[in-house]
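Number of protein chains: 2
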Amino acid sequence: MSGTVVALDCMGGDYAPGEIVKGAVEAVKENRNLLVKLVGKEELIYEELSKYEYDADALEIINATEVIEMAEAPAAAIREKTDSSLVKCQYLVKHGEADAMVSAGSTGANLVGGHVIIGRLKGVHRPPLAPLIPTLEGVTLLIDCGANVDARPAHLLQFAKMGSIYMENIVGVKNPRVGLVSIGTEEEKGNALTKETFPLLKEAQDINFIGNIEARDIPAGAADVVVCDAFVGNVILKTYEGVSGALLKKVKSGLKSSLKSKIGGLLIQKSLKETLKGFQIEEYGGAPLLGLNGLLVKTHGNSKAVEIKNSILQCVSFKEMDLNEKFMKKLNLR
Amino acid sequence: MSGTVVALDCMGGDYAPGEIVKGAVEAVKENRNLLVKLVGKEELIYEELSKYEYDADALEIINATEVIEMAEAPAAAIREKTDSSLVKCQYLVKHGEADAMVSAGSTGANLVGGHVIIGRLKGVHRPPLAPLIPTLEGVTLLIDCGANVDARPAHLLQFAKMGSIYMENIVGVKNPRVGLVSIGTEEEKGNALTKETFPLLKEAQDINFIGNIEARDIPAGAADVVVCDAFVGNVILKTYEGVSGALLKKVKSGLKSSLKSKIGGLLIQKSLKETLKGFQIEEYGGAPLLGLNGLLVKTHGNSKAVEIKNSILQCVSFKEMDLNEKFMKKLNLR
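Which chain is which? The protein sequence lines are L and U, in order. In case it helps, my numbering puts the first sequence at residues 1009 to 1342. In case it helps, my numbering puts the second sequence at residues 1009 to 1342.
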C-alpha cells in the first residue's frame, strides 16, 4: 500500500493491551490510508479486537511472545528480549516494514532501541526525544528530554532545527520561535553549554531564534521550540508534572476546608477539573524521538486509546509531510 | 549590644522603602534582642519611620545616597556604586558592624557583592543561594539557585552539608533527608556531575542522603534538602513559579466559563486563592546565601513587610544558633 504503516507495541503501558488495541481501531477508522501492525501476544490481541468492528485490511497482527517490563535495564532488555513486542516494532521500522512505531512501554528501552536498532538518520548526532508540553497559548516542543545528557552545542543546534521543522509541519506553527533555556535572558547568562550554543543559534539562518528564555516563561508560551540538554529538559518536564499534580491535590483539599467552599466546590468541580487537566503533561502523550531512520513515538505509560490514536495519526502526518527528508535537507545545509 | 545586628537594604525591591522600613519596625517589635541598621536615603527612611511608634534604640539610620537598579550589570554596580544601600550593607557585614544583611534588591549584585565584598567562610568553595520552596508537606531547601553554574561534585557535597545544618537548625527538621536531583532514582542515572556526586554524598557520614530524586517528586516533599547545581536549581525554581502562576490564571478564567462555575467561583474564591498562594514561591521570600563571613538573606523583589520581618528574624536564629561555627565544623570534618 502507498499509505503509512505503523508498528504498534500492544504490550507496553499501564493499559495494555486493551486501550492500545482500541486506539489502533479508532485510528484506522479515522484514516483510511493507514495500516497498523499490532505487535504482541496474538491471543490477547485477538481477544481485544473481537470487541470491535473494523476494516480487516487495515490491521495486521504480528505475534511477539515476550514483554519488556518498565523496571528492566534498557540495554539488557533490548539485547535479550528479541521476541518482545517493543523490539519487534523497532525491527519492523529498521527493515522498512513499517514507517514508524508507537509505544507506551519503557522509555529507556525505546530510547536505547531507537538508537541501536532503528539507527540514526545520516548526519544526526543524537536523536532527541521531544514532548509537547501545555502552555497558556497552546503547546510548546521541549527538545531534548531523552537520554542525551551532557550534550554539546552542535547537538543543541540540531535540536533547534529539527524542532522547528516539527512544529511547523506537524503542529502547524508558522515560523516557530526558538528559545534556549538559560538562567537569564541576556546572551552572556548561562552555563558553559548555553554560552557556547547561543552564537550557533544566533548565526543559524534557517531558524527563528528569539534568544535565551527563562524556565519561568515556558508555561506562558514564550517560545514554540524550547531547546535544552536532556538533563534540563527532564527536570523541566518533571517539575511541570510535579507542580501541577501537587496543586491539583491542594486545590481539592482546599475546597473541603469550609461548608461554603464545599458547596462552591461542587458547582465548579467539572470546570476546574477540565482546566487543571488541560495543564497536565500526560494529556499530550506522543513524544517523538526525532532523527531516526523512521519515527518512534513514545507515549506516556498511562496512555489510553485517545493518546494512542493521536500518536498513530501523528505518524501519518510525519510520513506524508516527508519530515525526515526535510530534516536531512536542513541539517546538511551547514 | 550582645544581640543580633542586621543591616537592611531599605532601597531594594518593588516596595522600597515603605514596606522595607515597615518590616524592620515589626521585627524589632517582635524581638527585643535586635538592632536593625536601616541603610538608604535618610530623608526617605525618616519619612517612613514617622508613621510608626518604635523603640528608637532598636533602629539606626545609615545614609546611603545611591541605589542599584535591577537592570544594572552586577559587577559594575558593586564596583562603582560604593555609596549604594546594597553595597553599604555588605561592608557593614564585612567589617563586623552587622552580623547579617537583608536585601530585596538585585539578585546579581547581592550574589556578586556577597562573594567579593563579604567574602567566603574559610573552607567554603562556593556560597550557595538556597531558597525554601513550598511542598505538600511544608517546605524544602533548594540548594543551589545562585550564580554557581558548572559546579563540581565537591561543591555539591558542601551544599548538602550546609543545607542539612540549615534545615535542622533554622527550619527545625530533624535529620533532614538529602536528595540529589537527577533524571532517575538509580545510582547510575544522571549526567557526569550527578554520577560523580552520588558516591560522595553516599559516603558522607554526617548527612542523611536518600539518593537521587526526580524533579517530579520535589513538590510532593520527597526530600528536605534538594541538592543540584545552580543552573538546574534555577530551572526548577523558575518552572515552579511559571507553572503555578499559569495554573492560577487558567483556573481564574476557567471559573468564568459558565454561570454555574461563576457562582461556585464566588463561593470558593477565598479558599482557592489561599490554597494556590501557599504554593507560590514568592510567599517564602528570604533565600539565604550560605557560607559567607556573615549571612546575606535575599528576599524576593516583590517582598512586603511580612517577608522582610521574617527574613530579619531568620538572621537572629542564624546568629543565635551559631550556624557559621557549625558549618565550619562540619565542612572541615572531611
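C-beta: ideal position from N, C-alpha, C; glycine also.
Asked	Found
Could you name the residues of the stretch 1215 to 1237 of chain L whose beta carbon sits closer than 7 angstroms to any beta carbon of chain U, in the order they occur along the chain?	E1222, A1223, R1224, D1225, I1226, P1227, A1228
Using a Cβ-Cβ cut-off of 7 angstroms (strictly less than) and excluding sequence neighbours within five positions of R1342 of chain U, which residues of its own chain qualify?	Any reading at R1342 of chain U must be qualified, since the residue scores a pLDDT of 41, below 50, and its modelled position is unreliable; no value is offered.
Does the beta carbon of F1167 of chain U come closer than 9 angstroms to any beta carbon on chain L?	no
T1247 of chain U versus chain L: which residues are under 8 angstroms apart at the beta carbon?	A1223, R1224, I1226, P1227, V1243, I1244, T1247, Y1248, V1251
Which residues does DSSP pair with P1296 of chain U in a beta bridge?	U:V1305
Shorter than 9 angstroms from the beta carbon of L1274 of chain U to some beta carbon of chain L?	yes
Between the stretch 1061 to 1072 of chain L and chain U, which residues of the former have CB atoms less than 9 angstroms from a CB of the latter, in chain order?	none
Return no unless some Cβ of chain C is closer than 9 angstroms to the Cβ of L1188 of chain U.	No chain C appears in the structure shown, which is made up of the protein chains L and U.
Between the C-alpha atoms of E1074 of chain U and D1091 of chain U, what's the straight-line distance to the nearest angstrom?	5 angstroms
Which class does K1182 of chain U belong to by DSSP, given the choice of helix, strand or coil?	coil
In chain L, what lies closer than 9 angstroms to L1263 of chain U by C-beta?	I1276, S1279, L1280, T1283
Would you please state the rounded distance, in angstroms, between the beta carbons of V1085 of chain U and A1117 of chain U? I believe it to be under 8 angstroms.	For clarity, residue 1085 of chain U is Ala in the given sequence; the question names Val instead. Confirmed, Cβ separation roughly 5 angstroms.
Going along chain U, which residues have a C-beta under 9 angstroms from I1271 of chain L?	G1272, L1275, I1276
What is the C-beta distance between A1159 of chain U and R1134 of chain U, in whole angstroms, given that I count them as a contact (C-beta under 8 angstroms)?	7 angstroms
For F1287 of chain U, which residues in chain L fall below 8 angstroms Cβ to Cβ?	V1251, A1254, L1255, K1258
So with Cβ pairs under 9 angstroms, would you call R1342 of chain L a contact of chain U?	Confidence is the limiting factor: at R1342 of chain L the pLDDT is only 41, short of 50, which leaves the residue's position unreliable, though a coordinate-based value still follows. So no, R1342 of chain L is outside the interface.
Which residues bound the beta strand (DSSP E) around N1242 of chain L?	Segment 1238 to 1262 is the alpha helix (DSSP H) holding N1242 of chain L; no beta strand (DSSP E) there.
Under 8 angstroms: does the beta carbon of T1202 of chain L sit that close to some heavy atom of the ligand NAP?	In the structure on display, the ligand NAP does not appear, and there are no ligands present to speak of.
Kindly indicate the opening and closing residues of the beta strand (DSSP E) around S1269 of chain L.	From DSSP, S1269 of chain L is part of no beta strand (DSSP E) but of the alpha helix (DSSP H) over 1267 to 1285.
Based on Cα-Cα distance, which residue from U:K1246, U:E1249, U:I1218, U:T1247 lies nearest to V1234 of chain U?	U:I1218
Give the range of the beta strand (DSSP E) segment to which A1015 of chain L is assigned.	1012 to 1017
Taking 9 angstroms as the CB-CB limit, is L1144 of chain L close to chain U?	yes
Measure the Cβ-Cβ separation of L1280 of chain L and G1122 of chain L and say whether it is below 9 angstroms.	no
Going by other Cβ atoms of all chains shown within 10 Å of its Cβ, with 16 needed for buried, is D1232 of chain U buried or exposed?	buried
P1142 of chain L lies in the alpha helix (DSSP H); which residues open and close that run?	Unbroken run through P1142 of chain L is the beta strand (DSSP E), 1140 to 1143; no alpha helix (DSSP H).
Using beta carbons (cut-off 9 angstroms, strictly below), is S1266 of chain L in contact with chain U?	yes
Check each candidate in L:V1029, L:F1326, L:Q1166 and name the one with the smallest Cα separation from C1236 of chain L.	L:Q1166
My output table needs one value for M1008 of chain L: the three-state DSSP class, helix, strand or coil.	Residue numbering for chain L in the displayed model covers 1009 to 1342; residue 1008 of chain L lies beyond these limits and cannot be assessed.
On the three-pair Cβ rule with 8 angstroms, is the stretch 1056 to 1067 of chain U touching the stretch 1094 to 1107 of chain U?	no
Please identify the residue among L:Y1023, L:G1011, L:K1045 whose C-alpha is closest to the C-alpha of V1033 of chain L.	L:K1045
Throw me the rounded Cβ distance for the M1170 of chain U and L1303 of chain U pair, which I believe falls under 8 angstroms.	The Cβ separation is near 12 angstroms, so there is no contact.
Which bits of chain L does K1199 of chain U rub up against, with CB to CB less than 9 angstroms?	Going by the sequence as given, residue 1199 of chain U is Asn instead of Lys. Chain L residues near N1199 of chain U: V1157, D1158, D1237, A1238, F1239.
By DSSP, does R1342 of chain U sit in helix, in strand, or in coil?	Any reading at R1342 of chain U must be qualified, since the residue scores a pLDDT of 41, below 50, and its modelled position is unreliable; the value itself is stated next. Three-state result, R1342 of chain U: coil.
Keeping to the same chain, check which residues put their C-beta closer than 7 angstroms to that of K1306 of chain L; ignore five residues upstream and five downstream.	S1111, T1115, N1118, L1137, A1295, L1297
Got a sec, what are the start and stop residues for the alpha helix (DSSP H) S1111 of chain L sits in?	Per DSSP, S1111 of chain L belongs to no alpha helix (DSSP H); it is in the beta strand (DSSP E), 1108 to 1111.
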